[in-house]
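Participant: The structure follows.
Numbering (my numbering), first residue to last: 3 to 249.
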């Protein structure tokens with residue numbers, strides 16, 4: 003089923019994958035309208051390698067593509083190139099050996115950084131100025147500590163995999179808290195394996211080193227227990243693209 007709305011697109015990862023696959027891409031952009039002069043059109047054609055395209059999609063526009071487009075609004079360039087990357091990526095999923103998940107549920111593992119990140123905005127709304135613990139600092143600390151956030155992918159009550167999302171790659175004002183509420187199609191690449199209990203914030207940072215031996219003992223007990231479903235390894239996938247289909 004085709005995508006009808008993009009929720010998430012990690013353009014940087016998509017560009018790297020395409021660059022590895024094709025060694026650069028020739029892109030010809032025929033017409034741009036100057037936002038200040040609707041009658042003015044600029045035609046350009048240029049070869050984009052990974053570095054140049056990343057620069058164009060970032061802040062420093064115009065460095066590698068010449069002064070002839072310096073007057074064109076950045077938003078028009080970014081939008082057009084982003085759509086070009088998206089189209090190229092979707093046309094190359096088979097060659098890239100992209101793993102696609104559809105019809106799955108997702109949830110944040112309790113006490114994981116993704117779980118905290120989802121709820122800190124709501125905690126901020128009810129923040130008491132007299133509280134000794136500053137919630138805003140927790141949210142800031144999470145942002146500094148983490149660029150990718152993990153969610154559990156499940157189907158029929160069985161956990162199947164771990165999906166990682168780049169917090170900066172959400173589109174159209176969507177965010178982490180929207181993921182569990184939506185029926186999405188995920189385009190991913192496998193990056194490793196992990197246990198669910200490794201997502202716990204204590205495992206991420208191991209705050210209390212004085213209790214390290216106790217933690218190891220309990221972890222060994224969990225691993226040796228046949229009832230420890232959280233100790234089983236799950237494949238980890240980085241999400242490149244996620245969206246709503248025309249089901």
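Cβ atoms here follow ideal geometry from the backbone N, Cα and C, with glycine treated the same way.
1) The alpha helix (DSSP H) that contains residue 22, what's its start and end?
2) Can you tell which of 113, 190, 154 has the C-alpha that lies nearest to the C-alpha of residue 1?
3) With DSSP collapsed to three states, give me the class of residue 240.
4) Would you report the Cα separation of residue 182 and residue 117, rounded to the nearest angstrom?
5) What are the boundary residues of the beta strand (DSSP E) that includes residue 102?
6) Per DSSP, which one or two residues make a beta bridge with residue 153?
7) Is it the case that the region 104-115 contacts the region 4-19, given that we only count it when at least three CB pairs across the two stretches are under 8 Å?
8) For residue 142, count the other beta carbons within 10 Å of its own beta carbon; 16 or more makes it buried, fewer makes it exposed. Which is it?
9) Which one or two residues does DSSP pair with residue 187 in a beta bridge?
10) What do you reckon, are the CB atoms on residue 156 and residue 107 nearer than 7 Å?
11) Within 10 Å of its beta-carbon, does residue 120 have 16 or more other beta-carbons around it, so buried, or fewer, so exposed?
12) Is the CB-CB distance between residue 23 and residue 90 below 7 Å?
13) What's the gap between the Cα of residue 5 and the Cα of residue 172?
14) By Cβ distance below 6 Å, which residues in the same chain neighbour residue 165 in space, the five residues on each side in sequence not counted?
15) Using the C-alpha atoms, what's the distance from residue 115 back to residue 84?
16) Let me know the secondary structure DSSP gives residue 5 once reduced to three states.
17) Helix, strand or coil, according to DSSP, for residue 195 in the structure here?
18) Using only CA atoms, which one of 144, 204, 161, 86 lies nearest to residue 235?
19) Just how far apart, CA to CA, sit residue 1 and residue 196?
20) So, with DSSP's three-state summary, where would you put residue 176?
21) Taking residue 246 as the reference, give the member of 185, 192, 194, 204 with the closest Cα.
22) If we count the other Cβ atoms within 10 Å of its Cβ and call it buried at 16 or more, is residue 187 buried or exposed?
23) Per DSSP, what kind of secondary structure is residue 109 in: helix, strand or coil?
24) What do you get for residue 193, buried or exposed, if any count of 16 or more other CB atoms within 10 angstroms of its CB means buried?
25) Using a 10 Å radius around the Cβ and a threshold of 16 neighbouring Cβ atoms, would you call residue 102 buried or exposed?
Facilitator: Inspection of the coordinates gives the following:
1) Taking the first residue of the chain shown as position 1, residue 22 is located at position 20. Per DSSP, the unbroken alpha helix (DSSP H) holding residue 22 starts and ends at 13-24.
2) This structure gives no information on residue 1, because the portion of the chain shown stretches from 3 to 249.
3) For the purposes of this step, residue 240 is identified with residue 238 of the chain shown, where counting begins at 1. The answer is strand: DSSP assigns residue 240 an E or B state.
4) For the purposes of this step, residue 182 is taken as the residue at position 180 of the chain shown. For the purposes of this step, residue 117 is taken as the residue at position 115 of the chain shown. Their backbone Cα atoms lie some 11 Å apart in a straight line.
5) To locate residue 102, count along the chain shown from 1; it is residue 100. Residues 101-104.
6) Taking the first residue of the chain shown as 1, we reach residue 153 at position 151. Residue pairing by DSSP places residue 153 opposite 165 in a beta bridge.
7) Contact between the region 4-19 and the region 104-115 is absent: fewer than three C-beta pairs spanning the two stretches fall below 8 Å.
8) Locating residue 142 in the chain shown gives position 140, where the first residue counts as 1. By the neighbour-count rule (16 or more Cβ atoms within 10 Å), residue 142 is not buried but exposed.
9) Residue 187 sits at position 185 when you count from the first residue of the chain shown. For residue 187, DSSP records a beta bridge to 104, 245.
10) To locate residue 156, count along the chain shown from 1; it is residue 154. To locate residue 107, count along the chain shown from 1; it is residue 105. In this structure, residue 156 lies near residue 107, with their beta-carbon atoms less than 7 Å apart.
11) Position 118 of the chain shown, counted from the start, is the residue given in the question as residue 120. Under this definition residue 120 is a buried residue.
12) Indexing the chain shown from 1 puts residue 23 at position 21. Indexing the chain shown from 1 puts residue 90 at position 88. Taking 7 Å as the cut-off, the Cβ atoms of residue 23 and residue 90 do not count as close.
13) Here residue 5 is taken as the residue at index 3 of the chain shown, counted from 1. Here residue 172 is taken as the residue at index 170 of the chain shown, counted from 1. Annotation: residue 5 to residue 172 spans about 15 Å, alpha carbon to alpha carbon.
14) The count along the chain shown starts at 1 and reaches residue 165 at position 163. Result list for residue 165: 153, 155, 239, 241, in chain order.
15) For the purposes of this step, residue 84 is taken as the residue at position 82 of the chain shown. For the purposes of this step, residue 115 is taken as the residue at position 113 of the chain shown. In a straight line, the C-alpha of residue 84 is about 29 Å away from that of residue 115.
16) Along the chain shown, one-based indexing puts residue 5 at 3. DSSP places residue 5 within a strand segment (E or B) once states are collapsed to three.
17) Here residue 195 refers to the residue found at position 193 of the chain shown. Residue 195 falls in the strand class under three-state DSSP.
18) The residue labelled residue 235 in the question sits at position 233 within the chain shown. Proximity to residue 235 across 144, 204, 161, 86 peaks at 161, based on C-alpha coordinates.
19) Past the edges of the chain, shown from 3 to 249, lies residue 1, and the structure says nothing about it.
20) Looking up residue 176 in the chain shown gives position 174. Three-state result, residue 176: coil.
21) Taking the first residue of the chain shown as position 1, residue 246 is located at position 244. Per the Cα distances, 185.
22) Position 185 of the chain shown holds residue 187. Counting every other CB atom within 10 Å of its CB across the protein chains shown gives residue 187 a total of 16 or more, marking it as buried.
23) Against the chain shown, residue 109 aligns to sequence position 107. The answer is strand: DSSP assigns residue 109 an E or B state.
24) Stepping through the chain shown from its first residue, residue 193 is reached at position 191. Residue 193 counts as exposed, since fewer than 16 other C-beta atoms from the protein chains shown sit within 10 angstroms of its C-beta.
25) Mapped onto the chain shown, residue 102 falls at position 100. Counting the other Cβ atoms within 10 Å of the Cβ of residue 102 gives fewer than 16, which makes it exposed.
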